[in-house]
């Protein structure tokens, strides 16, 4: 509403009434887009920070026969997700141990969800290399890792 500084109160009230009347003309698609944009306000609180990646350790390129694979650790808000990437599988633990579901998102395939056991342990089998991220859902949190390439 540029150039409204010279408007009378009646002209301004008429313009405001017209703007409010247009609210009824907002499509469902625009409402959905506005709600989706609103969810971005908490995105930082919902992301788990990468705390450790064994692939970044000095000497990680030299692996021995008894090597456990790649180890990753993510954390946020007192919740930690420990991961071990092995041949065709991804195993992990939610800490502190609690009831949780873990969802694996793999670029180009369907999401897969498993329940962590009483000690927080979970496993995904048949995991192929590529970009993945995990979402841990507990009674208090729904946190997501960044995308990592395994």
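Numbering (this note's numbering), first residue to last: 8 to 157.
The C-beta atom is built at its ideal place from N, Cα and C for all residues, glycine as well.
*In the DSSP assignment, find the unbroken alpha helix (DSSP H) run with residue 39 in it and report its ends.*
As a first step, residue 39 is located in the chain shown; it is residue number 32 there, counting from the start. Start and end: 35–45.
*Rounded C-alpha distance that separates residue 94 from residue 76*: Here residue 94 is taken as the residue at index 87 of the chain shown, counted from 1. Here residue 76 is taken as the residue at index 69 of the chain shown, counted from 1. Roughly 8 Å between the two C-alpha positions.
*Within the same chain, show all residues whose beta-carbon is closer than 6 Å to that of residue 126, passing over the 5 residues directly before and after it, in chain order.*
Residue numbering aside, residue 126 sits at position 119 when the chain shown is read from its first letter. Here the set comprises 104.
*Kindly say whether residue 123, judged by its beta-carbon, lies nearer than 8 Å to any beta-carbon of chain C.*
The chain inventory of the structure shown lacks chain C, comprising one protein chain alone.
*For residue 156, the nearest candidate out of 78, 121, 102 (CA to CA)*: Position 149 of the chain shown, counted from the start, is the residue given in the question as residue 156. If we check each option's Cα against that of residue 156, 78 comes out closest.
*Between which two residues does the beta strand (DSSP E) containing residue 93 stretch?*
What you label residue 93 is simply residue 86 of the chain shown in a count that begins at 1. 86–93 is the span of the beta strand (DSSP E), which, as asked, contains residue 93.
_With three or more C-beta pairs closer than 8 Å as the rule, is the segment 112–120 touching the segment 87–101?_
no
_Less than 7 Å between C-beta atoms, sequence neighbours within five positions excluded: which residues of the same chain meet that for residue 136?_
Within the chain shown, numbered from 1, the residue matching residue 136 stands at position 129. Excluding positions up to five away in sequence, the list reads 157.
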